[in-house]
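All residue numbers for the sequence shown refer to my numbering, where the first residue is 3 and numbers rise by one. Reviewing the structure listed below.
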Amino acid sequence: MGKFFKFGCLGIIAIIVIVIIIAVAASGGDDSSNTGEKVGENKAEETKKEEPKTFVVGDTVDLNGLEITIADAKFVQASEYSPAEQGKVLQMNVNVTNNKDDKAFIDNTEFNLYDAEGNSLDFYYGGDGLDLSGDVNAGKKMSGTLTFDVPESDSYELIYEPSFSWTDEQVTWDIKPE
3 MGKFFKFGCL GIIAIIVIVI IIAVAASGGD DSSNTGEKVG ENKAEETKKE EPKTFVVGDT
63 VDLNGLEITI ADAKFVQASE YSPAEQGKVL QMNVNVTNNK DDKAFIDNTE FNLYDAEGNS
123 LDFYYGGDGL DLSGDVNAGK KMSGTLTFDV PESDSYELIY EPSFSWTDEQ VTWDIKPE
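Following this line, the structure appears as structure tokens:
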């Protein structure tokens, strides 16, 4: 019986040692760590890819089959009964073409306008324009306006971020009113 325990314990230890040796050999040792890139080396390229391009008035932007064009941007007269609290009313005419296979929803609330200091600006609701809002069927077009209550400035930043999207995509325009 003593011989059995002696062989059994040594046998188990031998099996464990063999398993460890096989595991180390199969993992390839230290070679895999030399094939990677230096930390920070690829970050500059990633940053360049992630930097969003800023578009200007007149540019057509294709966002997954939805083409959006800010056709023009100009200051318009405030309504007699609804004065502009910030001093000016900025109106942009927007054209949308749906090149997708199914309908797409677009709404003026998916657009945000910011001044040069990064302050969010409010919509102006006293205008005569037709707000941009609704479903655009596949292969069809829609036009509408975005109207904001703004302080006078040479430029603004307009950001479009779709509500119904699985990605965090957004588009930025540099708006310089006529």
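Where is the CB? At the ideal position from N, CA and C, for every residue including glycine. Since we're looking at a predicted model, the values are computed, not measured.
Are Asp56 and Met94 touching if we call contact CB-CB under 8 Å? The question names Asp, but residue 56 in the sequence shown is Thr. Result no, Cβ atoms of Thr56 and Met94 do not sit closer than 8 Å.
Using 8 Å as the threshold, is the region 58 to 76 in touch with the region 128 to 136, meaning 3 or more CB pairs across them? no
So Asp176 and Val58 are supposed to be a Cβ contact under 8 Å. How far apart are they, rounded? 5 Å
To the nearest angstrom, how far is it from the Cα of Ser165 to the Cα of Leu115? 16 Å
Enumerate in chain order the residues of its own chain whose CB-to-CB distance from Asn97 is below 6 Å, with the five nearest sequence positions on each side excluded. Thr71, Ala73, Ser145
Going by Cα to Cα distance, which pick from Gly129, Phe150, Glu159, Asn66 is closest to Tyr168? At residue 168 the sequence reads Trp, which differs from the Tyr that was named. With distances taken between Cα atoms, Trp168 lies closest to Asn66.
Proximity below 8 Å, CB of Phe107 to CB of Asp124: no
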